[in-house]
Amino acid sequence: MTASVDPVAFSDPVYREAVIDLLAAVGYGEVSAFERLAEDAKLAPTLEDKVAMGTFASQQLGKVQLICARLSELGADPFDKMEAFRGGFESFHAHTAPSDWWEGLVKAYVGDGLANDFYREIAAFLDPETRDLLLTSLEDTGHAEFVVDRVRAGIQADPKLAGRLALWGRRLMGEALTEAQRVAADRDALSALLAGGIDMPGLDLAAIGRMFARLTERHVERMTGLGLEH
Numbered sequence: 031m032t033a034s035v036d037p038v039a040f041s042d043p044v045y046r047e048a049v050i051d052l053l054a055a056v057g058y059g060e061v062s063a064f065e066r067l068a069e070d071a072k073l074a075p076t077l078e079d080k081v082a083m084g085t086f087a088s089q090q091l092g093k094v095q096l097i098c099a100r101l102s103e104l105g106a107d108p109f110d111k112m113e114a115f116r117g118g119f120e121s122f123h124a125h126t127a128p129s130d131w132w133e134g135l136v137k138a139y140v141g142d143g144l145a146n147d148f149y150r151e152i153a154a155f156l157d158p159e160t161r162d163l164l165l166t167s168l169e170d171t172g173h174a175e176f177v178v179d180r181v182r183a184g185i186q187a188d189p190k191l192a193g194r195l196a197l198w199g200r201r202l203m204g205e206a207l208t209e210a211q212r213v214a215a216d217r218d219a220l221s222a223l224l225a226g227g228i229d230m231p232g233l234d235l236a237a238i239g240r241m242f243a244r245l246t247e248r249h250v251e252r253m254t255g256l257g258l259e260h
């Protein structure tokens, strides 16, 4: 069934622009994740791992199709809107290129986890239909469990790996938070959305600080789950 467009919410052109920006950012993120997972598959040490990574990559494209459909419903060209976020994603990946299989696993898990947490925070300011679509696109498809299993097994086999990956995780956290803050600041409509959403008050500076504190806490939880000290 085709999702509806809330006539009240979308009568506000700033809100419409914010939703389009947000969905475009998430959509390009899914495209980027597809490319990255496909590249990581080349580094996989076993055929089983290679097939698993390829499967996770293909699942990203299914999510992109849902995002594109919603953007079209809102009267936007999905590819044109997603293209606007290419630079930010490419900059992040250029600064965080993994050197091996292990760093690639942690990057996908930590980087995607932080981005998804950020988008879930913003989802609270959306109309119900858009919120549901966004949350559906952020659902894990088994990749997180796969990464935790592989990294924990790797550390058990080589305990020295833990220190290197813990440092890598901290670097990823810093780069990802910087990029998240830049996206929120550079897109006027998204900033306006955070300042006051549909049927709810906006975030003041203290609330924004608490939001990023929550993002940091969840990152620490993910690192602990991997068997790494933050």
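Here our numbering is used: the first residue of the sequence shown is 31, the next is one more, and so on.
By construction, the Cβ of each residue, glycine as well, lies at the ideal position given by its N, Cα and C atoms.
It should be emphasised that the depicted structure is a prediction, and the values quoted were computed from it without experimental measurement.
Simplified DSSP assignment, three categories, for residue i
i: F40; result: helix
i: L164; result: helix
i: G172; result: coil
i: T126; result: coil
i: P75; result: coil
i: I228; result: The pLDDT assigned to I228 is 47, lower than 50, so where the model puts this residue is not dependable, and the model offers no usable value.
i: E65; result: helix
i: P158; result: helix
i: E60; result: helix
i: L104; result: coil
i: R183; result: At residue 183 the sequence reads Ala, which differs from the Arg that was named. Residue state, collapsed to three classes: helix.
i: L258; result: coil
i: F86; result: helix
i: F115; result: coil
i: D188; result: coil
Residue i, buried or exposed, once every other Cβ within 10 Å from all chains shown has been counted against 16
i: T160; result: buried
i: A270; result: Outside the shown range of the chain, which is 31 to 260, sits residue 270, and nothing can be said about it.
i: V177; result: buried
i: S88; result: exposed
i: S167; result: buried
i: D162; result: exposed
i: R100; result: buried
i: H173; result: buried
i: L197; result: exposed
i: P128; result: buried
i: S261; result: Here the chain covers residues 31 to 260 and nothing more, so residue 261 does not appear.
i: D130; result: exposed
i: D110; result: exposed
i: G92; result: exposed
i: Q95; result: exposed
i: E60; result: buried
i: R212; result: exposed
i: A268; result: This structure leaves residue 268 out entirely; the chain is present only between 31 and 260.
Supposed close pair residue i, residue j - CB separation, criterion 8 Å
i: L245; j: A48; result: Not really, about 20 Å apart at Cβ, beyond 8 Å.
i: G84; j: R252; result: Wrong, their Cβ atoms sit about 23 Å apart, outside the cutoff.
i: L258; j: G199; result: 6 Å
i: A138; j: D70; result: 7 Å
i: F115; j: Y58; result: 4 Å
i: L202; j: T126; result: 6 Å
i: R182; j: L256; result: 7 Å
i: G141; j: A206; result: 5 Å
i: V149; j: L135; result: Strictly speaking, residue 149 in this sequence is Tyr, with Val absent from that position. Their Cβ separation, rounded to whole angstroms, is 22 Å, which puts Y149 and L135 out of contact at 8 Å.
i: T171; j: F86; result: 6 Å
Worksheet entry | Inter-stretch contact at 8 Å, needing at least 3 Cβ pairs: the stretch 46-57 / the stretch 94-107 | yes
Discussion item. Any contact between the stretch 189-207 and the stretch 68-79? By contact I mean 3 or more CB pairs, one from each, below 8 Å.
Written reply: Short answer: they don't touch.
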